[in-house]
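Visitor: Mind looking over this structure? Questions follow.
There are 2 protein chains.
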Amino acid sequence: MANGGPEIEQLILLLARLPGLGPRSARRAVLQLIKKKEQLMIPLSAALDRAVAAVTVCETCGNVDTRSPCHICADPRRDNGLLIVVEDVADLWALERAGVGAVKYHVLGGVLSPLDGVGPDDLSIDALLRRGPEFSEIVLAVNATVEGQTTAHYITDRLAPSGVKITRLAHGVPVGGELDYLDEGTLSQALKARTAL
Amino acid sequence: MANGGPEIEQLILLLARLPGLGPRSARRAVLQLIKKKEQLMIPLSAALDRAVAAVTVCETCGNVDTRSPCHICADPRRDNGLLIVVEDVADLWALERAGVGAVKYHVLGGVLSPLDGVGPDDLSIDALLRRGPEFSEIVLAVNATVEGQTTAHYITDRLAPSGVKITRLAHGVPVGGELDYLDEGTLSQALKARTAL
């Protein structure tokens with residue numbers, strides 16, 4: 001081991017597996033950790049220990065939290081108005097950061113993808129079919145990819161008998177975006193869905 | 001806390017302080033950790049615990065390792081021929097990865113920088129003056145910055161009375177580098193130091 005001891009080498013290897021870090025930046029991160037042992041390394045070690053012990057998946061919606069039901073499902077200010085269906089916990093967090101209001105969520109845990117062997121039983125779709133009809137509207141906030149749209153169609157078909165209102169996110173020009181850089185699909189959708197000023 | 005529990009939020013804040021990670025990528029990293037709890041989060045937590053307990057700074061050269069003297073200083077195959085003086089442990093690791101051979105190192109812990117209030121007493125220069133004369137040659141492998149070169153001059157002056165041979169790394173065209181992208185300083189140095197084919 002060139003870089004001082006198996007403990008350090010092991011830490012570099014594990015950090016390099018995080019998204020956004022490679023072997024080189026993991027090595028830089030470990031050096032930073034060692035340099036700031038008191039302010040960074042020891043707190044990080046403790047925070048990780050606590051998170052390992054505390055983190056759990058919400059049995060109702062699939063969010064990750066330190067309790068189940070999660071703080072969103074347990075929030076009394078959120079009623080059963082809007083249920084937003086997302087692919088991933090990251091999408092749920094993104095919507096919460098955007099401050100979309102007193103809504104609830106359902107995390108699918110992925111999208112239908114026959115090529116990758118992901119079928120309806122691999123996603124949290126049965127739970128959605130049970131939960132969905134309790135809400136006045138279900139927003140399918142899946143990604144605007146082929147798999148995402150396939151999944152949205154599948155869920156719409158399965159939920160149709162319950163009669164619940166189903167919507168999807170609007171397509172259009174991103175706020176702050178320049179038309180010049182947008183693809184044709186988005187532009188034509190934005191024109192079709194134009195609104196009065 | 002929007003993103004599920006203070007334990008998770010705390011972990012994101014600490015990871016965001018690593019070089020190469022910001023708030024957004026730290027959040028992605030934490031989600032990845034939670035998703036791969038068994039394969040990644042628990043091993044990382046354990047590796048960090050072990051590293052916190054084991055990591056120490058070598059009293060001889062300033063390298064970080066799990067023992068002092070470090071495995072480089074303690075290596076019987078490395079004699080007191082070349083002593084390579086570097087600013088930082090990262091530079092030492094980079095030279096070791098380059099396979100520079102059976103050399104020893106001395107980590108200064110920074111460079112002289114009056115504007116930042118870094119003087120000779122803040123660096124490991126006294127230890128270098130004691131150790132240096134035991135070697136047959138000292139290579140000042142500091143960065144080719146103004147501060148690095150100032151530090152090199154200062155060390156050269158202080159080591160002069162001992163009579164030890166002092167050298168620096170060659171300047172020139174990086175291997176695989178294109179002349180077109182090189183700055184004029186490097187090019188003129190490379191021409192001055194041209195070698196026979």
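First to last, the protein sequences are chains A and B.
The letter at position 115 of the first sequence is residue 115 when you use the UniProt record's numbering, and the numbering goes up by one with no holes.
The letter at position 3 of the second sequence is residue 3 when you use the UniProt record's numbering, and the numbering goes up by one with no holes.
We put the CB at the ideal spot given by N, CA and C, even for glycine.
(1) Taking Y154 (chain A) as part of the alpha helix (DSSP H), name the residues at either end of that continuous run.
(2) Quick one: which residues of the segment 58-69 of chain B get their C-beta closer than 8 Å to a C-beta of chain A? List them in chain order.
(3) When the Cα atoms are used, what is the spatial distance from L92 (chain B) to V86 (chain B)?
(4) Compute the distance between the beta-carbons of K104 (chain A) and L83 (chain A), then report whether it is under 8 Å.
(5) Should L187 (chain B) be flagged as near chain A, meaning a C-beta pair shorter than 8 Å?
(6) Which of the residues in the segment 40-57 of chain B, read from start to end, lie with their CB under 7 Å from any CB of chain A?
(7) Which same chain residues, not among the five before or five after L179 (chain A), have their C-beta less than 8 Å away from its C-beta?
(8) Which stretch, first to last residue, makes up the alpha helix (DSSP H) that contains V139 (chain A)?
(9) On the CB-based measure, 16 or more other CB atoms within 10 Å of its CB, does residue 263 (chain A) come out buried or exposed?
(10) Just confirm the distance between the C-beta atoms of L21 (chain B) and L21 (chain A), as a whole number of angstroms; I'd bet it's less than 8 Å.
(11) Counting contacts by CB-CB distance shorter than 8 Å, is Q149 (chain B) in contact with chain A?
(12) Skipping 5 residues on each side, what residues in its chain have a beta carbon closer than 6 Å to that of I27 (chain B)?
(13) Write down the C-beta distance between S113 (chain B) and G132 (chain B) rounded to the nearest angstrom, noting that I regard them as a contact closer than 8 Å.
(14) Whose C-beta lies closer than 7 Å to the C-beta of I34 (chain A) among residues of the same chain, with five residues either side of it excluded?
(15) Within the continuous alpha helix (DSSP H) that includes L128 (chain B), where are the two ends?
(16) Measure the C-alpha to C-alpha separation of T195 (chain A) and L169 (chain A) and round it to an integer number of angstroms.
(17) Residues of the segment 14-26 of chain B with a CB closer than 8 Å to any CB of chain A: list them in chain order, please.
(18) Report the option in A:I166, A:R97 and A:G148 whose CA atom is closest to the CA atom of R24 (chain B).
(19) So what does DSSP say about T186 (chain B), is it helix, strand or coil?
(20) Run down chain A in chain order and give the residues with a C-beta less than 8 Å from the C-beta of E134 (chain B).
(21) Taking only the alpha-carbon atoms, compute the straight-line gap between I8 (chain A) and A51 (chain A) and give it to the nearest angstrom.
(22) What does DSSP give as the partner residues of K165 (chain B) in its beta bridges?
(23) Measure the C-alpha to C-alpha separation of D49 (chain B) and E147 (chain A) and round it to an integer number of angstroms.
(24) To the nearest angstrom, report how far apart H153 (chain B) and I138 (chain B) are at their CA atoms.
Guide: According to the structure shown:
(1) For Y154 (chain A), the uninterrupted alpha helix (DSSP H) run begins and ends at V146 to L159, by DSSP.
(2) For the segment 58-69 of chain B, which is checked against every Cβ of chain A, the residues closer than 8 Å are N63, V64, D65, T66 and R67.
(3) The alpha-carbon atoms of L92 (chain B) and V86 (chain B) are separated by roughly 6 Å.
(4) Contact: yes.
(5) By this cut-off, L187 (chain B) is not an interface position.
(6) Of all residues in the segment 40-57 of chain B, L40, M41, I42, P43, L44, S45, A47, L48, D49, R50, A51, V52, A54 and V55 have a Cβ within less than 7 Å of some Cβ in chain A.
(7) If the five residues before and after L179 (chain A) are omitted, its C-beta is found closer than 8 Å to the C-beta atoms of V173 and L187, all from its own chain and listed in chain order.
(8) First-last for V139 (chain A): E137 to L140, but that is the beta strand (DSSP E), not the alpha helix (DSSP H).
(9) Residue 263 (chain A) lies beyond the range of chain A shown here (1 to 197); nothing can be said about it.
(10) The Cβ separation is near 7 Å, so the contact holds.
(11) By the rule that beta-carbons nearer than 8 Å mark a contact, Q149 (chain B) does not touch chain A.
(12) In the sequence on display, residue 27 (chain B) carries Arg and not Ile. Contacts found: I12.
(13) Rounded, the Cβ-Cβ distance is 22 Å, inconsistent with contact.
(14) Cβ neighbours of I34 (chain A) beyond the five flanking positions: M41.
(15) For L128 (chain B), the enclosing alpha helix (DSSP H) stretches over residues I125 to R131.
(16) The alpha-carbon separation between T195 (chain A) and L169 (chain A) amounts to approximately 15 Å.
(17) Look at the segment 14-26 of chain B: the residues with a C-beta under 8 Å from a C-beta of chain A are L14, L15, R17, L18, P19, G20, L21 and S25.
(18) Nearest of A:I166, A:R97 and A:G148 to R24 (chain B), Cα basis: A:R97.
(19) Helix, per DSSP.
(20) By Cβ distance, chain A contributes nothing, its closest Cβ being about 22 Å from E134 (chain B), past 8 Å.
(21) Rounded to the nearest angstrom, the two C-alpha atoms are 22 Å apart.
(22) Per DSSP, B:E137.
(23) As the crow flies, the alpha-carbon of D49 (chain B) is around 41 Å from that of E147 (chain A).
(24) If I take the Cα positions, the gap works out to 13 Å.
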